[in-house]
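Everything on this sheet refers to the single structure shown next.
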Amino acid sequence: MTPDVLTLGETMVLFSPDEPGPTKHQQTFKKSLGGAESNVAIALSRLGNDVTWHSKLGADPHGNYINSFVRGEGVDTATVEFTDDAPTGIMFKERRALGETSVYYYRHGSAASTMTPDDLPADAIETADYLHLTGITPALSDSCREATFAAVERAREAGTTISFDPNIRHKLWESDEEMRRTLLTLVEKSDIVLPGIEEGRTLFDTDTPDEIANACRDRGAAIAVVKLGAEGALVDDGEVTRVPGYEVERVVDPIGAGDGFAAGFLDGRLRGFGAVEATKRANAVGAFATTVTGDVEGLPTEHELDVFLGEREALRR
C-alpha cells in the first residue's frame, strides 16, 4: 500500500486504573495502548486515510496485542518488526480527582528503542505524501535518533512532506542541551511544525504564540501551528491567524489531544484544505480526544467529525 501518511515511533501497552487515586493503592486496571505516532495513525485511519505505522515490538503477548489492535483500526502494520531480544514497553496512567493525570513509563531497553536506520521502511517513506514524526522517537536511544534523521533525509530526497510534533518528554533526554539541539534540527528539516506553548518555551524561550510560530518559520518550516489548548490554535503559513477551539462540556482525559490535533490537521491537508481550514479540523479532533479515558478511544470517524463541525459552525454563525 502506498500510504497517505507514514508514522514512525514506539507504542506501549497502557494500563489505566478503574478508579482515580494514587497508583500504589490501585488493584484493577484496564488494558489499552498508547503511543503518539500510533495515536495519529489510528485517528487518520478513522478519518478515511491510508496510513502506515512502523515500529519495533517485542515478540511477546504485549507486542502481539499492539500489532493486532493497530491493524484492527485499519492501519497498515506490514513493516512492523518483532524481536526476541527486547520486550515491548508498558506504561501506567494515574488519574487524580484533583490535579493532573500522570503517566509512569517502563520503556528503558524496549524493543522500539533498538530501532536503527536499517529497520526503516524505505519504500513507504519515499512514496508517502506525509512523514509524521515526533520528538519522542529520537529521545529513546542513539540508534533511534539515527533512524529518525535517516528517515528525514530519505523523505526530503523523495519530496515527502515532513510533519513534526516536538512532543517533548524531558525524562527521556540525558540533558536539555542535547534535547534542544536535536529537536531544533528537526524543526529546521520539517515542512510543518506543531508545537505547544510549553514546547515553545523550552525550544525558543518564549510562550507567546506568534513568536513561537515565527521561530519555527525562521528555521525553515513552511507552516507552523501553535496549539493553545481549549483556546484553539495559531497558524502561520505566511499569514498569522488565530483559529478558536471548540468547547467541551467536560474534559475526561486530555492525554492524546495533541495527537488528535496533528491527525486532524494532516487530514485537512490531504483533503486539499488550506492551513486555516485544516486547523479547524485539528481543533475538532483534539476536542473529541478529551471526552473519554484513553489515548484513542475518543477519536472520531469521518462522519462524526463532519457532523460535529457542521453543527458547531452553524452555532457560530
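Straight run, no breaks: the sequence shown in the UniProt record's numbering ends on number 317.
Idealized CB from N, CA, C, for every residue including glycine.
Item to check | Residue ranges of each alpha helix (DSSP H) within the region 33-102, 4 or longer | outcome: 36-46 and 61-72
Checklist entry - Ordered along the chain, which non-local residues of its own chain (more than five positions away) have a Cβ less than 7 Å from that of G9? => result G35, A36, E37, S55, T134, I136 and T137
Next on the checklist: Applying the 10 Å Cβ sphere with the 16-neighbour rule, what's the burial state of K31?
Outcome noted: exposed
Next on the checklist: Here's the rule I'm using: 16 or more other beta-carbon atoms within 10 Å means buried, otherwise exposed. How should Y130 be labelled?
Outcome noted: buried
Item to check | Backbone secondary structure at L234 - three-state DSSP | outcome: strand
Item to check | Cβ-based burial, residue 318 [other Cβ within 10 Å; buried from 16] | outcome: Outside the displayed span of the chain (1 to 317) sits residue 318, for which this structure offers no information.
Checklist entry - Helix, strand or coil for D165 per DSSP? => result strand
Checklist entry - For the 8 Å Cβ check, are there 3 or more pairs between the region 260-277 and the region 46-60? => result yes
Checklist entry - When DSSP labels each residue in this structure, what does L194 get in the three-state scheme? => result coil
Item to check | C-alpha gap between A112 and V225, whole angstroms | outcome: 28 Å
Item to check | Host beta strand (DSSP E) of M12 (start-end) | outcome: M12 to P17
Item to check | V307, buried or exposed, once every other Cβ within 10 Å from all chains shown has been counted against 16 | outcome: exposed
Item to check | Selected residue, minimal CA-CA separation from E199, among E311, G258, I66 and T2 | outcome: G258
Item to check | Endpoints, the alpha helix (DSSP H) within which I223 is located | outcome: Segment I223 to K227 is the beta strand (DSSP E) holding I223; no alpha helix (DSSP H) there.
Next on the checklist: Only counting the same chain, and skipping five residues up and downstream in sequence, which positions put a Cβ closer than 7 Å to that of R71?
Outcome noted: T77
Next on the checklist: Just to confirm the assignment, what range does the alpha helix (DSSP H) spanning V296 have?
Outcome noted: Taken as a continuous stretch (DSSP letters only), V296 belongs to no alpha helix (DSSP H), as it is neither H nor E.
Checklist entry - What residue ranges within the region 106-168 form continuous beta strand (DSSP E) runs of no fewer than 3 residues, ordered along the chain? => result 130-134 and 161-165
Checklist entry - DSSP on V240, reduced to helix/strand/coil? => result strand
Item to check | Whole-angstrom distance between F29 and L140, CA atom to CA atom | outcome: 26 Å
Checklist entry - Of the residues Y246, G21, K93 and G159, which one's Cα is nearest the Cα of V13? => result K93
Checklist entry - Going straight from the alpha carbon of L223 to that of H108, what length do you get? => result Per the sequence shown, residue 223 should be read as Ile rather than Leu. If you take the alpha carbons of I223 and H108, they lie about 34 Å apart.
Item to check | Reduced DSSP secondary structure (H/G/I, E/B, other) of K189 | outcome: coil
Checklist entry - Does DSSP put V248 in a helix, a strand or coil? => result coil
Checklist entry - Going by the beta-carbon positions, is the gap between V285 and L305 smaller than 8 Å? => result yes
Checklist entry - So, I192 versus T241, is the Cβ gap smaller than 8 Å? => result no
Item to check | P20 burial status per 10 Å Cβ neighbour count (16 or more: buried) | outcome: exposed
Checklist entry - Taking the alpha-carbon positions, what's the G245 to A233 distance? => result 7 Å
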